[in-house]
Amino acid sequence: MNPDYQQRRQAVLAAIGQGTAIFGSAPTAVMHNDVDHPFRQNSDFFYLTGFNEPGAIAILAPHHGEHQFVLFVRPKDKEQETWSGYRAGVDLAKEKYGAHAVYPIEELAEKLPQYVENADRLYYHFGDDAPLDQRILSLWRLLLGKYPKRGRGPVAIEDSRLLMQQFRRVKSASELDQMRTAIAISAKAHNHAMAMARPGRYEYEIQAEMEHIFRLEGALGPAYPSIVASGVNACILHYIENERQMEPDDLLLIDAGCAYGYYNADITRTFPVGERFTPEQRILYELVLEAQLQAIEAVQPGRPFNHFHDAATRTITEGLVDLGLLQGDVATLIEDKKHKAFFMHGTGHFLGLDVHDAGTLRNPDKTWQPFAPGNVVTVEPGIYISPNYEPEEGQPVLDARWLGIGIRIEDDVLVTQTGHEILTAAVPKSLAAMEERG
Ligand code: GLY
Ligand code: MN
Ligand code: MN
2 MNPDYQQRRQ
12 AVLAAIGQGT
22 AIFGSAPTAV
32 MHNDVDHPFR
42 QNSDFFYLTG
52 FNEPGAIAIL
62 APHHGEHQFV
72 LFVRPKDKEQ
82 ETWSGYRAGV
92 DLAKEKYGAH
102 AVYPIEELAE
112 KLPQYVENAD
122 RLYYHFGDDA
132 PLDQRILSLW
142 RLLLGKYPKR
152 GRGPVAIEDS
162 RLLMQQFRRV
172 KSASELDQMR
182 TAIAISAKAH
192 NHAMAMARPG
202 RYEYEIQAEM
212 EHIFRLEGAL
222 GPAYPSIVAS
232 GVNACILHYI
242 ENERQMEPDD
252 LLLIDAGCAY
262 GYYNADITRT
272 FPVGERFTPE
282 QRILYELVLE
292 AQLQAIEAVQ
302 PGRPFNHFHD
312 AATRTITEGL
322 VDLGLLQGDV
332 ATLIEDKKHK
342 AFFMHGTGHF
352 LGLDVHDAGT
362 LRNPDKTWQP
372 FAPGNVVTVE
382 PGIYISPNYE
392 PEEGQPVLDA
402 RWLGIGIRIE
412 DDVLVTQTGH
422 EILTAAVPKS
432 LAAMEERG
């Protein structure tokens with residue numbers, strides 16, 4: 002087993018002191034009737050255990066002398082395994098996953114109290130598994146009732162997902178290896194998409210070719226529903242129908258990445274379906290690219306997290322004012338959030354086991370946390386001018402040639418000791434490259 006898992010548990014055990022942390026695996030998810038979606042493990046659970054089955058619970062109890070790491074798992078069951086696949090079972094789970102004790106999940110009610118009753122607090126995330134939520138609440142209430150007499154027991158429940166943010170934010174070497182693989186496969190798919198996109202093709206053809214490459218190269222599949230948005234569809238941030246036939250003057254916005262070993266890539270490129278940008282598309286593309294480069298520059302160790310969004314927002318708002326698409330003083334426009342008519346989302350998010358990955362951004366005093374080496378963040382500013390754009394009061398009516406243009410450029414950037422590394426550099430984004438595809 003990769004030693005990462007044990008190191009991660011050690012770090013969490015040290016952080017929770019006299020507490021007990023309880024992590025549930027993901028439930029299976031129904032697609033329709035009695036057909037399930039492919040199983041996808043809960044990210045916190047996987048991060049700490051590497052155990053990839055449903056019906057399991059992991060417990061970290063640093064104050065328990067012998068059993069600091071405990072797993073409850075589905076027992077071996079020949080008939081069930083014939084239908085729905087292999088189970089490690091109790092013995093192998095113990096051998097392979099390094100737990101000090103492993104029990105069949107059916108023994109949870111009987112065995113759980115001993116790991117909880119002497120903790121000073123619990124860490125658990127409510128909302129993913131209603132029966133487990135109920136079990137933990139009942140046990141907690143019982144122990145609270147006994148507290149006056151026992152003088153010990155958990156007096157609070159903290160959110161385990163929040164607890165995990167500080168750890169998952171910094172990627173280890175093996176995590177980065179998997180992310181680099183996810184990104185390399187996704188880059189190959191983007192480059193292929195750029196070579197094959199042309200007027201007359203359908204958005205779904207591009208999607209199919211990209212997802213073909215994902216699977217062919219050993220990825221699990223798309224990290225999120227692929228967005229292949231041509232023409233006005235690029236103004237819908239989460240457009241996933243991918244049905245339209247592309248036309249010569251369209252831009253094509255592709256936001257697609259694969260999951261490899263549960264680690265995700267998240268890449269967006271926007272380019273003309275025909276041979277050239279229209280003048281308006283070109284101007285806006287250059288502006289988004291400039292904003293993205295400025296934002297990437299702000300991704301540095303020690304720089305507060307908000308700086309890169311501020312850099313992108315400033316560049317875009319200044320550019321829109323220069324073009325006459327927004328009117329007013331730049332600082333005031335930003336303060337009044339007027340730029341959001343065209344740039345309505347954040348500039349990026351942490352990336353890892355989740356596409357929108359764990360990581361606290363702000364401190365209780367409202368200051369922003371700094372980037373640290375090992376963080377991976379997306380940098381993805383955009384400009385979207387709806388075909389139905391209606392200016393707010395005091396803002397100009399736009400000429401029709403500006404309407405229906407949507408552009409986003411998204412890279413995945415690793416914070417290093419001295420600066421950053423653009424992990425997605427294998428996917429071109431210069432204006433010239435966008436016009437000289439394939
Ligand atoms: N593809 C999801 C995102 O960019 O956040
Ligand atoms: Mn994306
Ligand atoms: Mn993203």
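Mapping the sequence shown onto this note's numbering, position 98 (from 1) lands on 99, and the numbers just tick up by one.
In this text, a Cβ means the ideal position worked out from N, Cα and C, and glycines have one as well.
In this text, all values refer to a predicted model and were calculated from it rather than measured experimentally.
So residue i and residue j are in contact, right, with Cβ under 8 Å, and what is the actual spacing, rounded?
i, j, result
"residue 292", "residue 316", "4 Å"
"residue 60", "residue 23", "6 Å"
"residue 297", "residue 318", "Between residue 318 and residue 297 the Cβ distance is about 18 Å, and since that is not below 8 Å, they are no contact."
"residue 116", "residue 68", "7 Å"
"residue 397", "residue 325", "6 Å"
"residue 339", "residue 329", "7 Å"
"residue 15", "residue 168", "About 11 Å separates the two Cβ atoms, so there is no contact after all."
Flag this pair as yes or no: are the beta carbons of residue i and residue j separated by less than 7 Å?
i, j, result
"residue 409", "residue 381", "yes"
"residue 70", "residue 101", "yes"
"residue 256", "residue 274", "no"
"residue 301", "residue 201", "no"
"residue 428", "residue 378", "no"
"residue 386", "residue 404", "yes"
"residue 369", "residue 305", "yes"
"residue 425", "residue 374", "no"
"residue 224", "residue 262", "no"
"residue 178", "residue 28", "no"
"residue 191", "residue 268", "yes"
"residue 231", "residue 245", "yes"
"residue 90", "residue 77", "yes"
"residue 265", "residue 356", "yes"
"residue 97", "residue 103", "no"
"residue 58", "residue 25", "yes"
Nearest CA to the CA of residue i: which residue from the options?
i, options, result
"residue 154", "398, 415, 21, 373", "21"
"residue 214", "241, 185, 235", "185"
"residue 411", "117, 313, 174, 326", "313"
"residue 66", "45, 19, 83", "19"
"residue 171", "118, 121, 9", "9"
"residue 93", "40, 123, 54", "54"
"residue 56", "285, 87, 36, 216", "87"
"residue 395", "327, 216, 134, 371", "327"
"residue 271", "254, 104, 285, 243", "254"
"residue 148", "118, 95, 393", "118"
"residue 173", "367, 6, 132", "6"
"residue 367", "156, 345, 320, 307", "307"
"residue 309", "371, 276, 229", "371"
"residue 132", "122, 106, 150", "106"
Helix, strand or coil for residue i per DSSP?
i, result
"residue 269", "strand"
"residue 241", "coil"
"residue 21", "strand"
"residue 187", "helix"
"residue 10", "helix"
"residue 388", "coil"
"residue 60", "strand"
"residue 75", "coil"
"residue 108", "helix"
"residue 295", "helix"
"residue 314", "helix"
"residue 55", "coil"
"residue 260", "strand"
"residue 286", "helix"
"residue 342", "helix"
"residue 421", "strand"
"residue 213", "helix"
Below 6 Å, is the gap between the Cβ of residue i and the nearest heavy atom of ligand 2?
i, result
"residue 269", "yes"
"residue 411", "yes"
Compute the minimum distance between the beta carbon of residue i and the heavy atoms of ligand 3, and state whether it is under 6 Å.
i, result
"residue 379", "yes"
Between residue i and ligand 1, is there a pair consisting of the residue's CB and a ligand heavy atom that are separated by less than 6 Å?
i, result
"residue 256", "yes"
"residue 225", "yes"
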